[in-house]
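First the structure, in the form of structure tokens, and then the observations on it.
Numbering (our numbering), first residue to last: 937 to 1235.
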């Protein structure tokens, strides 16, 4: 299948990551983690502006009552898009020795902010959530680099990514109890010819889209974990997919310029071409599939 892939923004993002569609503004926000920037791309004007500079934002979500929850290397903040910041949490995660240094994040159906850390030299990271009352629940420990997370359309399943193990897990999620249990391996890409699994999103049919860092790919898996298709992008370091557009059928994909960025040296797949173009751009491809709107936090 041929795809028409557009390069819509080229800021040379060092670790371009985490696009999120703002359905009210009809714009896509995305971040350069190590570059310390938050971008806003306007598809109508075809402009990409820096709206925040100076904080290393690993993941963010729009807040229902206004503002944006920023999950950063320094802590978790509620930002009003102006000059006001409310610190929600920093320091160590309760019950662990891991610092709040966010690498990826999402919002859940319950309005909590779900986070994965990059704080332990890729050996013992943590998936946790901060609830609207600022309490912390640890979901998973011992992760070797936390990445993409998401929920199934029927809100019965939570997904999380362990990049360096090349695994995506599925969990049972109970919205009423806010419980996440019964962890199982959902997708195993432990093949030395394939890159590492990075950011992800879930579409309206319950299929999972995962960016494969080092492999130029975004892969789509059915709800049973079977590969349904893959899209090849003109950059090796694809980092995160996200649906946007008025019909939610435009897949935006962030890429990263940095040499290895989120992954340690030596984690490249067999035969990786170090001279190939890595990225730093935001791409868009229009599909015959609809995504679903991301949840907002409720802080």
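Glycine is no exception: its CB is placed at the ideal position from the N, C-alpha and C atoms.
Quick caveat: nothing in here was measured; it's all calculated off a predicted structure.
Item                                                                                                                         : Value
Residue 1238, buried or exposed, once every other Cβ within 10 Å from all chains shown has been counted against 16           : Residue 1238 lies beyond the stretch modelled for the chain, which goes from 937 to 1235, so this question has no answer here.
DSSP three-state assignment for residue 1101, whether helix, strand or coil                                                  : coil
Residues near residue 900 in its chain [Cβ-Cβ closer than 7 Å; skip 5 each side]                                             : As shown, the chain starts at 937 and ends at 1235. That puts residue 900 outside it, with no answer to give.
Residues that DSSP places opposite residue 1227 in a beta bridge                                                             : 1139
Option nearest residue 1057 by Cα separation, candidates 1070, 1084, 1099 and 1088                                           : 1099
Extent of the continuous beta strand (DSSP E) run through residue 943                                                        : 941-945
Three-state secondary structure (DSSP) of residue 971                                                                        : coil
As assigned by DSSP and simplified to three states, the class of residue 1125                                                : coil
Residue nearest to residue 1173 in terms of C-alpha spacing, selected from 1135, 1139 and 1161                               : 1135
Cβ contact (3+ pairs, closer than 8 Å) linking the segment 1022-1036 and the segment 1051-1070                               : yes
Inter-stretch contact at 8 Å, needing at least 3 Cβ pairs: the segment 1163-1180 / the segment 1200-1219                     : yes
Test item: CB-CB of residue 1096 and residue 1109 under 7 Å                                                                  : no
Selected residue, minimal CA-CA separation from residue 980, among 971, 987, 970 and 964                                     : 964
Nearest to residue 1048 (by Cα), restricted to the options 1055, 1018 and 1006                                               : 1006
Under the three-state DSSP convention, the category residue 957 falls into                                                   : strand
Contact with chain D by residue 1075, beta-carbon distance below 7 Å                                                         : This model lacks chain D altogether, as it is built from one protein chain only.
Cβ pair count under 8 Å reaching 3, the segment 970-990 against the segment 947-956                                          : yes
Residue from 1018, 1045 and 1053 whose Cα sits closest to the Cα of residue 1035                                             : 1053
Residue nearest to residue 994 in terms of C-alpha spacing, selected from 1081, 1209 and 937                                 : 1081
Neighbourhood of residue 997 by C-beta distance below 6 Å, restricted to the same chain and skipping five residues each side : 1005, 1043 and 1233
Contact set for residue 1209: own chain, Cβ-Cβ below 8 Å, skip 5 residues either direction                                   : 1172
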